[in-house]
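Undergrad: Residue numbers (my numbering), protein chains in the order written: chain F, 1390 to 1765; chain H, 1390 to 1765.
1) Does DSSP classify residue 1537 of chain F as helix, strand or coil?
2) In chain F, what lies closer than 8 Å to residue 1419 of chain H by C-beta?
3) Taking 8 Å as the CB-CB limit, is residue 1719 of chain H close to chain F?
4) Alpha carbon to alpha carbon, how far is residue 1610 of chain F from residue 1760 of chain F?
5) Please list the residues of the region 1621 to 1638 of chain H that have a C-beta atom closer than 7 Å to any C-beta atom in chain F, keeping them in chain order.
6) Does the Cβ of residue 1717 of chain F have 16 or more other Cβ atoms within 10 Å, making it buried, or fewer, making it exposed?
7) State yes or no: is the beta carbon of residue 1602 of chain F nearer than 8 Å to at least one beta carbon in chain H?
8) Looking only at its own chain, which residues have a Cβ that is under 8 Å from the Cβ of residue 1675 of chain F, when we skip the five neighbours before and after it?
9) Alpha helix (DSSP H) containing residue 1666 of chain F: first to last residue?
10) Check the C-beta distance from residue 1682 of chain F over to residue 1503 of chain F and give it rounded, since I have them as a contact under 8 Å.
11) Go through its chain and collect everything with a Cβ distance to residue 1678 of chain H's Cβ below 8 Å, but skip five positions before and after it.
12) Tell me, please, which residues DSSP counts as bridged to residue 1722 of chain F.
13) Is DSSP giving residue 1547 of chain F helix, strand or coil here?
14) How many whole angstroms separate the CB atoms of residue 1550 of chain F and residue 1518 of chain F, which I take to be in contact at a CB cut-off of 8 Å?
15) Who does residue 1573 of chain H pair with in a DSSP beta bridge?
16) Sort H/1740, H/1687, H/1709 by Cα distance to residue 1719 of chain H and report the nearest one.
17) Measuring only from the beta carbon, is residue 1503 of chain H closer than 7 Å to any heavy atom that is part of the ligand ADP?
18) Let me know the secondary structure DSSP gives residue 1469 of chain H once reduced to three states.
19) Count Cβ pairs between the region 1689 to 1709 of chain F and the region 1737 to 1750 of chain F that sit closer than 8 Å; are there 3 or more?
20) Please name the residues in the region 1475 to 1494 of chain H whose beta-carbon is closer than 7 Å to at least one beta-carbon of chain B, in chain order.
21) Judging by CA-CA distance, which residue of H/1622, H/1397, H/1627 is the nearest neighbour of residue 1401 of chain F?
22) Quick one: measure Cβ to Cβ for residue 1451 of chain F and residue 1582 of chain F, integer angstroms, because I've assumed they're closer than 8 Å.
23) Leaving out five residues before and five after residue 1353 of chain H in sequence, what residues of the same chain have Cβ atoms less than 6 Å from its Cβ?
24) Determine the direct distance from the alpha carbon of residue 1477 of chain F to that of residue 1697 of chain F, and round the result to whole angstroms.
25) Taking 8 Å as the threshold (beta carbon to beta carbon), is residue 1520 of chain H in contact with chain F?
26) Pull up the distance between the alpha-carbon of residue 1474 of chain H and that of residue 1524 of chain F, whole angstroms please.
27) In chain H, which residues lie less than 9 Å from residue 1452 of chain F when you measure between Cβ atoms?
28) Roughly how many whole angstroms lie between the Cα atoms of residue 1506 of chain F and residue 1593 of chain F?
29) Return helix, strand or coil for residue 1420 of chain H, following the three-state DSSP convention.
30) For residue 1442 of chain F, count neighbouring Cβ atoms within 10 angstroms of its own Cβ and tell me buried if that reaches 16, exposed if not.
31) For residue 1578 of chain H and residue 1765 of chain F, I'd like the C-alpha separation in whole angstroms.
32) Answer with yes or no whether the minimum CB distance from residue 1703 of chain F to chain H is below 8 Å.
33) Residue 1491 of chain F lies in the beta strand (DSSP E); which residues open and close that run?
34) Using alpha carbons as the reference points, say which of H/1431, H/1395, H/1606, H/1514 lies closest to residue 1463 of chain H.
35) May I ask which residues mark the beginning and end of the beta strand (DSSP E) holding residue 1445 of chain H?
36) Report the rounded CA-to-CA distance for residue 1412 of chain H versus residue 1632 of chain H, giving the unit in angstroms.
As structure tokens, then:
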């Protein structure tokens, strides 16, 4: 291949050169002052992106590790109401089942959550609520603030997966009452895969489970982060911390509001293209729900074969995502996270439009031109 | 500082340039064929270093994560006899306590293990034995083969922490009857911190626990590794995999026997220097136990203050390790793992000798010259 394909996936996403270069360094001692400063830089910027003043820790493990840390440290043995309208909601249910009693509150993938059913579970005594804020499997953004209000009304802890929204869309963990919030490194933060971060409220600490895992024991993270030189309880993935710090500095330089506006414009451009071409967006939204601002999911037009369609796009050096599990072959997804802007989006939409035509679908209008109107 | 200090620690260790450069690449899709090939290369070389034909998985998490995976997947709710003669043995006890009933079999740090007490625990029904093969906190190598024979005699699973021996000293997991074996990336493999690997025997799979964690669920790792394109169940730390693959290719190029011989010679040189200077090695060994071949622990001569001593060495751009926990201020440790050879060892020993003199200890003879005799 002439170079790595352009990844327009809902993660991993292309990394800026400065982020990649940061990993190249010789090993440093992770118990030293330099590492402590790196960790502190990450925490400072991530707290802003989370919209929180709570304690925040970086975990050497993917977003799934952080989700498990949330449930295992604060929900062990408890009843957990898990909202689910996509693959990552389902994963939260599975994690809840491993550590507590899961009460699944399900909707079809990409359709609105059932908040009345959630309230019924809370009224029956659920002590924790889990929510995927931005469900990338279906391209839907869920109403975190409303869920937070319900959780608070019944004095339950609110765990929010912000893995694919934080750093790219507005998140106000504290204002929304989200007690435990997590993000992954390789999504809107545009850092390499392999790290996650988690914030923990005072209310959550008061309910810390007696039974906790070891590697993901957040009490140990808390103790190590409070040391004179900030550190992690076990050996951290040092090169990934160096890269995440650089990614965080880039976020500060761009400015969080500008970064969120860019992500929204990116997604709006993709949606405008879909509308112009006559391609239906996949999620069914209502007043509480919205289209995701970091990934757009669209229905594959009838008769267009997924593998030929995405294969034609891949031939042009671009990777977009298909559907997962039962949506395989039914939808396609374009991630617009991280360091992506007009060049990547226009190239992707041109390739998508071409691949649709090649596979027998004739767009109603010019999607690329419509995207230019948004991006220009 | 003019550059990163030379890390002569029991991990992290200096990385060869080829390993560091491998991380710099643009993001790749971790569900694609290229990543599958990277993972497969790691597994091939690591199996050789483990001395195993068992299944082997790479985990995005430190050696501690892999140790917890071993205990949580195969010892959950069971009685676990945990051998302990140092800090990492103690950590294994703590992990065992989180997931099962731990039966601690303790010796003073750096003294021989009590194999008779182990046999008594096995006779009383312990179903799992945990051992730290190379205890870096005290510089002692424990008798894995003997422990393996005892475990097999009582039909218990044998979990071996080979975190700081594999890739630098001889390990024969299968011949020793070690059912579950783990390694960390930033030790003798000379890769960056943040990954670990674990091998699992057929006997162990037959006893897979019903209750397992999620992120560290080895059944999920097994399923994903067996897919048409080898993969991990959750997002892996891709840059670290790329670096580990490069580190593994370097191991193949050097040849495992030559690499082990080099590590042994390195440690022998440090021991020869200690003997020449009249510095006492810390561990008390017997016929079953040996000095570590990857880290040398020595008693700090009476009256030499730890911080001044190591500070003088740090001033010369070299970091060696002190003692941990109750050995702080009592011992010092020189790691000779990974990509280190004569230049690093001679510089370190010269600095150590100088720092001893500076702090009032007068060596009996020339340690540097003694090391040259071994290395030359």
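All C-beta atoms in this analysis are idealised placements derived from N, C-alpha and C, irrespective of residue type, glycine included.
TA: In brief:
1) helix
2) 1401, 1582
3) no
4) 45 Å
5) 1623, 1624, 1625, 1626, 1627, 1628, 1629
6) exposed
7) yes
8) 1501
9) 1645 to 1666
10) Residue 1682 of chain F to residue 1503 of chain F, Cβ: 23 Å. No contact.
11) 1501, 1502, 1529, 1530, 1531, 1532, 1672
12) F/1686, F/1710
13) strand
14) So it is not a contact: roughly 12 Å between Cβ atoms.
15) H/1585
16) H/1687
17) For the structure depicted, the ligand ADP is absent and the ligand set is empty, with no information on it obtainable.
18) strand
19) yes
20) Note that chain B does not occur in the displayed structure, where the protein chains are F and H.
21) H/1627
22) 7 Å
23) Past the boundaries of the shown model lies residue 1353 of chain H; chain H is included only from 1390 to 1765, so the question cannot be answered.
24) 27 Å
25) no
26) 48 Å
27) 1623, 1624
28) 24 Å
29) coil
30) exposed
31) 50 Å
32) no
33) 1490 to 1495
34) H/1606
35) 1444 to 1449
36) 6 Å
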